[in-house]
Amino acid sequence: MSKTLENISEFFAKNNNAQLIAVAITASAVTLGTVLSVQQLRRNERIRTIKKEIRPPSIDGLESNANWRIDAFNKNENAVSNKVTKTTEIKISPDEKVIFAEQLSRNNAFFGEENLNKIKNSFVIVVGAGGVGSWAALMLLRSGVQRMRIIDFDQVTLSSLNRHAVAVRSDVGISKAEALKNHFLEIVPHAKIDVRIDLFNLSKAPEHLSGEPDYVLDCIDNIDTKLELIKYCYDNKIKIISAMGAGMKSDPSRIQIADIGNTFEDQLSRAVRRQLKKAGIEQGIEVVYSTEKPGKVQLVSLAESQEENPDEYSILPDFRVRIVPVLGTMPAIFGMTMATRILTELGNFHTEPLAIKGRNALYVRLHRDLIVRESKINGITKAIKLTVDDCGYVLEEIWRGKSAISGDVDKVTLIRWNLDKPLTLQNCVCMTKSEAEKHMNLVMPPEQHYPEDVIKLVNSRFLEEKVFSMSR
């Protein structure tokens, strides 16, 4: 190394051009670094300047920060006169009445005139007008609901257009609630739409939830606000249906309607359930949620330039900064599921949602069979580490209810994959009963017995479980 350095030094000492080139390169590198640093500082300063320009001079806490986004609802003299309630009169011309009847002809055929009138005479409140709330509100309007209040403080952005029900590019920059109203009146011109461009919180609940609503739809992203809304409705005996997380989900078949006390395998549902239990609410809140594990995608990290002061990039204090990847179809399905549930309730067309947890008897049987099978392997009967819920999780989430060997769904059971290793979530596979009996008699490691495609499937599912287990 020293010899090499001596040669380099000797080369530069004898070669003036090389010296000049080296000096030029060094100077350029220093200049470039300085320019980039200055540009970054100017960029950050510009961001702070812009934020100050669009906010009021002083912002103290959530309430003040929310007010700058409110489109003069509280200052508008017409706000009171535009208030919609259960008894708000619907004024409709004879011609419009004929047109509206034709619009709802298919719904009339489905519900019958008497029950459709119950829907037409209803009043609903939608809290949150994003991907979930906009689709729920749209389908309620299209199905006959003529009185609606929409509460949301946020604005339409370009990134909203992948999931918002009605927003187009010309709506970017206006409030989501106002965008809904504008488009809704093109669909049902006589509809009474009460827009509240405001951030819901407990202090405003008596006003925002007034008017004897038949249903409240909770389509809020923020968990603290969601809990306040749910508890207020529960305490005041207002019917509510709440949407859990649709972000980072992609499998429509996993979407369920259930009581909050019966939800499982969903982080947001678990967090809401635990907080409500602390408030003395263990059941009686209907929710739409998904049992799908969001392990395939992750939250989008902050850009390097945002990490120094992340709060500057939050919509409001205590709101998430990192971006949740969203497949636009999933919030739409959540919203339409909520709307369908409400319509069948209002229209006296009772349904009984069949949640996955209705398969509990199957999970109990799988657990019992697994205990018996483990006793044959160990030679003694004893408790196993896997619970009944774990058996349901392994069957539904890891193996999708199918045999790892054949893909069959009939007469499935659970068994250790490697009989020489302990039973764990990452050493438990789904097979048919006949396949399991043959598997029990293996005298070699499973990797030496089964085809390569089966081995790859098993290994990939165990890797999935390793990711899923982080969110259980």
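First residue of the sequence shown? That's 1 in UniProt numbering, and the numbers climb one at a time after it. Yeah, the Cβ is synthetic: ideal placement off N, Cα and C, and Gly gets one too.
Looking only at DSSP bridge pairs, what is residue i linked to?
| i | result |
| --- | --- |
| Phe-413 | In the sequence on display, residue 413 carries Thr and not Phe. Met-431. |
| Arg-196 | Ile-151 |
| Ser-403 | The partner list for Ser-403 (beta bridge, DSSP) is empty, contrary to what the question assumes. |
| Ser-175 | Gln-155 |
In this structure, how does DSSP classify residue i when only helix, strand and coil are distinguished?
| i | result |
| --- | --- |
| Met-248 | coil |
| Glu-286 | strand |
| Met-444 | coil |
| Gln-93 | The sequence given here places Ser at residue 93; Gln does not occur at that position. Coil at Ser-93, not helix or strand. |
| Ile-384 | coil |
| Leu-457 | helix |
| Gly-392 | helix |
| Phe-462 | helix |
| His-190 | coil |
| Ala-361 | helix |
| Phe-334 | helix |
| Arg-163 | coil |
| Asn-107 | helix |
| Asp-369 | helix |
| Ile-398 | helix |
| Gly-61 | Only weak support exists for where Gly-61 lies, its pLDDT of 38 falling under 50; the value from the coordinates is given anyway. Helix. |
| Ile-281 | coil |
| Leu-419 | coil |
| Asn-378 | helix |
| Phe-184 | helix |
| Asn-350 | First, the residue type needs correcting, since residue 350 is His and not Asn in the sequence shown. It is coil, neither helix nor strand. |
| Val-272 | helix |
| Thr-329 | helix |
| Thr-424 | coil |
| Thr-344 | helix |
| Val-467 | helix |
| residue 479 | Shown here, the chain extends from 1 to 472; a query on residue 479 therefore has no answer. |
| Lys-292 | Here residue 292 is Glu; the residue named in the question, Lys, does not match the sequence. Reduced to three states, the DSSP call for Glu-292 is coil. |
| Lys-83 | coil |
Quick one: is residue i buried, meaning 16 or more other Cβ sit within 10 Å of its Cβ, or exposed?
| i | result |
| --- | --- |
| Lys-411 | exposed |
| Lys-176 | buried |
| Gln-155 | buried |
| Lys-181 | buried |
| Ala-383 | exposed |
| Ile-187 | exposed |
| Gly-284 | exposed |
| Phe-264 | buried |
| Asp-453 | exposed |
| Pro-294 | buried |
| Phe-200 | buried |
| Val-287 | buried |
| Leu-229 | buried |
| Gly-328 | exposed |
| Ile-125 | buried |
| Lys-296 | exposed |
| Ala-101 | exposed |
| Arg-341 | buried |
| Ala-109 | exposed |
Ordered along the chain, which non-local residues of its own chain (more than five positions away) have a Cβ less than 6 Å from that of residue i?
| i | result |
| --- | --- |
| Pro-331 | Gly-131, Val-132, Arg-163 and Ala-246 |
| Val-409 | Gly-401 and Lys-402 |
| Thr-351 | Thr-344 |
| Asp-251 | Glu-292 |
| Thr-85 | Gly-211 |
| Gln-275 | Leu-227 |
| Ala-179 | Val-156, Ala-167 and Asp-171 |
| Leu-425 | Glu-465 |
| Ala-165 | Ser-134, Trp-135 and Leu-138 |
| Arg-416 | Leu-423 and Asn-427 |
Note down, in chain order, each residue of its chain lying with its Cβ closer than 7 Å to the Cβ of residue i, except the 5 sequence neighbours on either side.
| i | result |
| --- | --- |
| Asp-235 | none |
| Met-470 | none |
| Lys-120 | Gly-144 and Gln-146 |
| Asn-82 | Asp-194 |
| Asn-78 | Summary for Asn-78: the model assigns pLDDT 43, below 50, so the residue's position carries little reliability, and this model does not support an answer. |
For residue i, I'd like the list of residues in its chain whose CB is within less than 8 Å of its CB, leaving aside the five on either flank, ordered along the chain.
| i | result |
| --- | --- |
| Lys-433 | Lys-411, Val-412 and Thr-413 |
| Leu-141 | Met-148, Phe-184, Ile-187, Val-188 and Ala-191 |
| Tyr-232 | Leu-202, Ala-205, Leu-209 and Ile-238 |
| Glu-447 | Ile-455 |
| Leu-442 | Leu-419 and His-449 |
inquiry  = Quick check for students: name the residue ranges of the alpha helix (DSSP H) that lie wholly in the segment 109-149, counting only runs of 4 or more.
reply    = 113-120 and 131-142
message = My parser needs the beta strand (DSSP E) runs of 3 or more residues fully inside the segment 200-264; what are they?
response = 215-218, 240-243 and 255-259
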